[in-house]
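Q: What follows is a single structure, and I will ask about it in a moment.
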Amino acid sequence: MSWWAGLALGLLSFLVFQRLRSSLGPEYTPVAPHDSVWSWNGPTNPYIINTFWVVDRMDKDEFKRLFNNSVVESSPSFIKFKQILVKRMGGSYWLNDKDYHIDRHILQTSIGIKEEATKEEVAKYIGELASQPLEKDRPLWRIYVIPNYIGGKTVMVGRFHHVIADGVALVSLIFNSMEHLNSHTSPSSNPKIVGRSWEWKKLIHLFSGLIQVVRAFLLPSDGLPLSGKVLSCKRVVSWSDPFPLDEVKKIKEYYNCSVNDVLASCVAGAFHRELLKRLDGDITKLKSRTLKAIIPINIRPPHALAPGKIKLENHISTFILPLAVTSTDAISRLKDTTRNAAQQKNSTYPFVVDKLLQLLKLTVPSLAPYVMNFVANKCTVIFTNVPGPSTPLAMGGHRMWELVPWVPFSGQMGWGVSVLSYAGHVQVGLCVDISFCSNPEMFISYFLEEFRELLNSTNKK
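Going by mature numbering (1 follows the signal peptide of the UniProt record, and there is no 0), the letters in the sequence shown line up with residues -22 to -1, 1 to 439, in that order.
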């Protein structure tokens, strides 16, 4: 069959499916192209965004009332919180859950009831949750309340399917549901995912973006000894204590780079130490000099995340950042990371990827997840950095102390590193398949070692 005959057949199939779909009742709302890319679930990688946040002691009923009023019922546009995802006629649709009740989605855990739950217990619990899919016959989100956590705190563990919205929208929603501490106003700053918000004037470089997409498809896999043979579907998680954002900025100013360059180089340093451990200290055995990270970026206009304007949708794209894991020291890794990141600035690759996936979902929907996974399988880690509000927030007067999101993986990728800054501090989290790494706490310690090495270097004259 010639290429034009195949294209004609694809177009005819698309028109037939569109005709059949139009016969569905008005209760079926088609999933938007931006979202439908995420409606497909792999057998080993369900697209679920897991997160946890820590607040001053609060019981489940009070949190349920506050979250219901400030999020679920705060806007008619948040109807996805009450809808089921269904598949009909080869497409994905939203259908109202006739049996919806908030009590089915905000639940109290079995830990932290009589005694304070420890960090280790909470990490184990989150890992167990992250290893499980969400029930398909209910709206695709849950929040689990751990009432008693160390230090007189309460933990909320949130699970939201990516088809509802991306991490930018969901974290923005959580932040904007709160008020400034000792105030009743919503936070003025809004999270943006790692990288930079897309400027549409950069579309003049569209052709170079197309070339970069072709190159991405031709890239070899990392081939580093950082993965198991197959994903086990079992996740383990860990996270750091908050450390000062001013220290990150000190490194940034000393080496004339960006905050994200500093954090990405710390990820490179953590993988460098992990590889040294696995290769008995001889990193020269590696053929590849870099490790490829998938970096999500927000492609919304800045005003789209303002309070009252947030939409539950997916509007992110990605680019690939090589991390110099074989560089000999922390300073070299930072310089290499800064140079690699500079090559990505002004790139139209994220825009082209976004439009390509949308086109596939409109024409050959079943092909979109395979394209996503094909590129993801060439990379090792997904890395996100979400800058949050600079001042402390509270929910109903209960201060929020920590928030760490973990993004889902694609394909056979099993490492996810997330960084979030809030109220002048930074936290790093890791979610990893247990067949790739069984000790996530060690990886977090590697990240912090690299960070301290960079920080100490700024004190040298």
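C-beta atoms are modelled at their ideal positions from N, C-alpha and C, and glycine is treated no differently.
#1: Rounded to whole angstroms, how far is the Cβ of residue 383 from the Cβ of residue 145, which I believe are closer than 8 angstroms?
#2: Using the three-state DSSP reduction, which class does residue 234 fall into: helix, strand or coil?
#3: Alpha carbon to alpha carbon, how far is residue 93 from residue 176? Give it in angstroms, no decimals.
#4: Do the CB positions of residue 86 and residue 122 come within less than 9 angstroms of each other?
#5: Going by DSSP, what residue range makes up the beta strand (DSSP E) through residue 71?
#6: So residue 124 and residue 100 are in contact, right, with Cβ under 8 angstroms, and what is the actual spacing, rounded?
#7: From residue 134 to residue 22, what does the alpha carbon distance come to, in whole angstroms?
#8: Starting from residue 36, trace the beta strand (DSSP E) both ways and give me its first and last residue.
#9: Are the beta-carbon atoms belonging to residue 368 and residue 402 less than 9 angstroms from one another?
#10: Given 8 angstroms as the limit, is there contact between the stretch 62 to 71 and the stretch 244 to 257, that is, 3 or more CB pairs closer than that?
#11: On the criterion of 16 or more Cβ atoms from any shown chain inside 10 Å, does residue 434 qualify as buried, or is it exposed?
#12: With DSSP as the reference, label residue 365 as helix, strand or coil.
#13: Using the C-alpha atoms, what's the distance from residue 6 back to residue 394?
#14: If you count every other CB in all the chains shown that lies within 10 Å of the CB of residue 314, and 16 or more means buried, which is it?
#15: As a quick exercise: from 302, 390 and 349, pick the residue whose alpha carbon is nearest that of residue 268.
#16: Evaluate the contact criterion for the stretch 420 to 434 versus the stretch 219 to 233: three or more CB pairs, one atom per stretch, below 8 angstroms.
#17: Report yes if the CB atom of residue 397 is closer than 9 angstroms to the CB atom of residue 363, and no otherwise.
#18: Taking the straight line between their C-alpha atoms, what separation do you get for residue 43 and residue 36?
#19: Helix, strand or coil, according to DSSP, for residue 424 in the structure here?
#20: Roughly how many angstroms lie between the CA atoms of residue 438 and residue 233, to the nearest whole one?
#21: So the alpha helix (DSSP H) residue 108 belongs to, where does it begin and stop?
#22: CA-CA distance, residue 231 and residue 317?
#23: Using beta-carbon positions only, say whether residue 107 and residue 137 come within less than 9 angstroms of one another.
#24: Do residue 57 and residue 210 count as a contact pair if the criterion is CB distance below 9 angstroms?
A: Let me lay it out:
#1: Approximately 6 angstroms separates the beta-carbon atoms of residue 383 and residue 145; this is inside 8 angstroms, confirming the contact.
#2: coil
#3: Here residue 176 scores only 43 on pLDDT, less than 50, and its place in the model is too uncertain to base an answer on.
#4: Judged by beta-carbon spacing, residue 122 lies within the 9 angstroms limit of residue 86, meaning their Cβ atoms are closer than that value.
#5: 69 to 74
#6: 6 angstroms
#7: In this structure, the alpha-carbon of residue 134 lies about 25 angstroms from that of residue 22.
#8: No beta strand (DSSP E) contains residue 36, which DSSP labels as neither H nor E.
#9: yes
#10: no
#11: exposed
#12: strand
#13: 34 angstroms
#14: buried
#15: 302
#16: When C-beta atoms of the stretch 420 to 434 are compared with those of the stretch 219 to 233, three or more pairs fall below 8 angstroms, so the two segments count as touching.
#17: yes
#18: 11 angstroms
#19: helix
#20: 13 angstroms
#21: Annotation: the continuous alpha helix (DSSP H) that includes residue 108 extends over 97 to 108.
#22: Rounded to the nearest whole angstrom, the C-alpha separation of residue 231 and residue 317 is 16 angstroms.
#23: yes
#24: no
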